[in-house]
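J.: Here my numbering is used: the first residue of the sequence shown is 273, the next is one more, and so on.
Every residue gets a Cβ at the ideal spot worked out from N, C-alpha and C, and that includes glycine.
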Amino acid sequence: MGERYEEKDLPRGRVGGHAGRMKVLELVAPSQFVVSQKMKPEPKKDEVLIKVSCCGICGSDVHGMDNSSGRRIPPMVMGHEASGVIEQLGEEVSGWEVGARVSFDSMVYCGVCQHCERGETNLCDERQVMGVSCEEFKRDGAFAEWVVVPARILEQVPEGLSFEEAAFTEPLAVALHAVNLVKVKPGERALVVGAGLIGLLVVQALKRAGAGEVVAVDMDPKRLDLARELGASGAFTPGEDCGADFDVAMEVVGAAPTLEKAVKAVRKGGRVGLVGNVVAEVPLALQWVVTREISLIGSCAAAGECAEALEAIAGGEIQVKPLISAVAPLEEGGDYFKRSREGKEGLLKVLLRP
Ligand SMILES: [Zn+2]
Ligand SMILES: [Zn+2]
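(1) Could you compute how far the alpha carbon of Gln476 sits from the alpha carbon of Val429?
(2) For ligand 2, is there any heavy atom lying closer than 7 Å to the beta carbon of Cys330?
(3) Can the beta-carbon of Leu469 be found less than 8 Å from the beta-carbon of Glu580?
(4) Using the beta-carbon count (16 or more within 10 Å), is Gly409 buried or exposed?
(5) Taking only the alpha-carbon atoms, compute the straight-line gap between Cys388 and Gly576 and give it to the nearest angstrom.
(6) Tell me which residue opens and which closes the alpha helix (DSSP H) that Glu616 is part of.
(7) With distances taken from CA atoms, which of Lys295, Glu604, Gly615 is nearest Glu417?
(8) Compute the minimum distance between the beta carbon of Pro529 and the heavy atoms of ligand 1, and state whether it is under 7 Å.
(9) In its own chain, which residues sit with a C-beta less than 6 Å from the C-beta of Lys533, not counting the 5 before and 5 after it?
(10) Apart from the five residues on each side of it in sequence, which residues of its chain come closer than 6 Å, Cβ to Cβ, to Ser325?
(11) Do the CB positions of Cys406 and Arg343 come within less than 8 Å of each other?
(12) Quick check: what's the CA-CA separation for Gly484 versus Glu364?
(13) Quick check on DSSP: helix, strand or coil for Ala229?
(14) Name the DSSP beta bridge partners of Cys327, please?
(15) Tell me which residues pass a beta-carbon proximity test against ligand 2: closer than 7 Å to any heavy atom, given in chain order.
(16) Kindly examine ligand 1 and report whether one of its heavy atoms sits closer than 7 Å to the Cβ of Ser378.
(17) Should Glu353 be counted as a contact of ligand 1 given a C-beta to heavy atom distance under 7 Å?
(18) Could you spell out where the beta strand (DSSP E) holding Gly383 opens and where it closes?
(19) Kindly examine ligand 1 and report whether one of its heavy atoms sits closer than 7 Å to the Cβ of Pro443.
(20) Grab me the residues of Val349's own chain with a C-beta within less than 6 Å of its C-beta, minus the 5 sequence neighbours each way, in chain order.
(21) Give a yes or no on whether the C-beta atoms belonging to Gly618 and Asp492 are separated by under 8 Å.
(22) If the criterion is Cβ atoms closer than 8 Å, does the pair Val474 and Val524 meet it?
(23) Can you give the beta carbon distance from Lys317 to Gly362, rounded, assuming they're within the 8 Å contact cut?
(24) At 4 residues or longer, what runs of the alpha helix (DSSP H) sit wholly inside the stretch 415–465?
(25) Below 8 Å on the Cβ atoms is my guess for Phe518 versus Gly542; work out the distance and round it to an integer in Å.
(26) I need the straight-line Cα distance from Ala521 to Glu603, nearest angstrom please.
(27) I need the boundaries of the alpha helix (DSSP H) containing Asp497, first residue and last residue.
(28) Which same chain residues, not among the five before or five after Glu437, have their C-beta less than 6 Å away from its C-beta?
(29) Can you grab the Cα-Cα spacing for the pair Ala537 / Leu595, in whole Å?
(30) Per DSSP, what kind of secondary structure is Val374 in: helix, strand or coil?
(31) Closest by CA to Val380, which one among His352, Gly588, Arg390?
(32) Compute the distance between the beta-carbons of Val374 and Ile358, then report whether it is under 8 Å.
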């Protein structure tokens, strides 16, 4: 976890006042971070260059840092939950101005495939994700002073909203997408299994969607307190009785026991929203699901909910400030990744400032 500046990425033969390089937090080997210098990127014709204000560490970054997911192949720069200011426009970009305060979606979609045409941009056949490096593509993210982003995934940050709050655009959009998919009706009773960062946003999104009662389950008592503060009417550890016959359950962990909890907690004809995906496969109580006509609804990333996310934060319908555990310089990023991975402190969102 040492920090050192590396010269290998410096542009060769470029001189003058415009340095043309920038500071990044680079994953150089599995679970190994270095603050290094890279070339400042140039926006392509449909991209903008953003001076990054802050960027959140996502659970998927923490899980992926050891390259076990195959989605953070080093060397690479992570970071897909960012906010900042447009500094330069690509030749063909219209509708945006230099100086605009922006955040963005993590999904880079093609806009022309069958899924994009249906508005399912998160399912795009050609999709790329900011701050992800896998077999098919590599796109450096925003743990850097500057990042280039296609103009079509940008969102304008409403006046009065801080960059810290705006950095929640993408994670909140993920929560809103999942809640939109399960189609909560006013007054319905909902259970949220897993009150981590996304789970706590899901709790609030369910309330916002009209759920009459939202109950949270988590192992961490601090998170249960926070769930109550943010609108849950009940909050329980897995061993406690959380109630039964919920209309909707949201699984926000992605493991066997939590899926079972969610599936067993809904009423006949109930719906289970599947958001967590820590493990690739889990056993399923098939007969229980079939004979009780339980709908299992997978939800991945977001498909156009970023504007809704910013509105919900700006309008005070969703609280994100209580979810910020730390705002730290990029240089402390490696340390925060390690501490998030260890999980002892119950860190929720850590925002890094380049
Ligand atoms: Zn994320
Ligand atoms: Zn597409």
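T.: Checking against the coordinates, here is how it stands:
(1) Rounded to the nearest angstrom, the two C-alpha atoms are 21 Å apart.
(2) Cys330: no, Cβ never under 7 Å from ligand 2.
(3) Not in contact: Leu469 and Glu580 (Cβ atoms no closer than 8 Å).
(4) A small correction: the amino acid at residue 409 is Phe; Gly does not occupy that position in the sequence shown. Around the CB of Phe409, fewer than 16 other CB atoms lie within 10 Å, so the residue is classed as exposed.
(5) Cys388 and Gly576: Cα-Cα distance of roughly 11 Å.
(6) In the sequence under discussion, the amino acid at residue 616 is Lys, which differs from the Glu named in the question. Lys616: not part of any alpha helix (DSSP H); DSSP gives it neither H nor E.
(7) Closest by alpha carbon: Lys295.
(8) Pro529: no, Cβ never under 7 Å from ligand 1.
(9) For Lys533, where only same-chain residues beyond five positions count, the Cβ hits under 6 Å are Val465.
(10) These residues qualify, in order along the chain: Ser355, Gly356, Phe435.
(11) Yes, the Cβ-Cβ distance between Cys406 and Arg343 is below 8 Å.
(12) Each residue's alpha carbon lies about 47 Å from the other.
(13) Any question about residue 229 goes unanswered here, given that the chain covers just 273 to 626.
(14) Answer by DSSP bridge pairing, in chain order: Ala354, Leu624.
(15) Contact residues of ligand 2 (beta-carbon closer than 7 Å to any heavy atom; chain order) are Tyr381, Cys382, Gly383, Val384, Cys385, His387, Cys388, Thr393, Cys396, Asp397, Glu398, Arg399.
(16) Yes, Cβ of Ser378 sits closer than 7 Å to a heavy atom of ligand 1.
(17) Judged by the Cβ position, Glu353 qualifies as a neighbour of ligand 1 at the 7 Å threshold, a heavy atom of the ligand being closer than this.
(18) No beta strand (DSSP E) holds Gly383; DSSP gives it neither H nor E.
(19) Result yes, Cβ under 7 Å from ligand 1.
(20) Excluding sequence neighbours, Val349 sits near Val296, Glu298, Asp412, Gly413, Phe415, Ala416.
(21) At a Cβ-Cβ threshold of 8 Å, Gly618 and Asp492 count as neighbours.
(22) Contact annotation: Val474 and Val524 have beta-carbon atoms nearer than 8 Å.
(23) For a cut-off of 8 Å, the C-beta gap from Lys317 to Gly362 is around 5 Å, short enough to register as a contact.
(24) Whole alpha helix (DSSP H) segments, 4+ residues: 435–438, 441–454.
(25) Separation of the CB atoms of Phe518 and Gly542 is rounded to 6 Å, and the pair is thereby assigned contact status at 8 Å.
(26) Cα to Cα, the separation comes out at about 39 Å.
(27) Residues 493–501.
(28) The answer, listed in chain order, is Ile585, Val592.
(29) The straight-line gap from Cα to Cα measures roughly 27 Å.
(30) In the structure shown, Val374 adopts extended strand secondary structure according to DSSP, grouped into three states.
(31) The shortest C-alpha separation from Val380 is found at His352.
(32) For Val374 and Ile358, yes; Cβs fall inside 8 Å.
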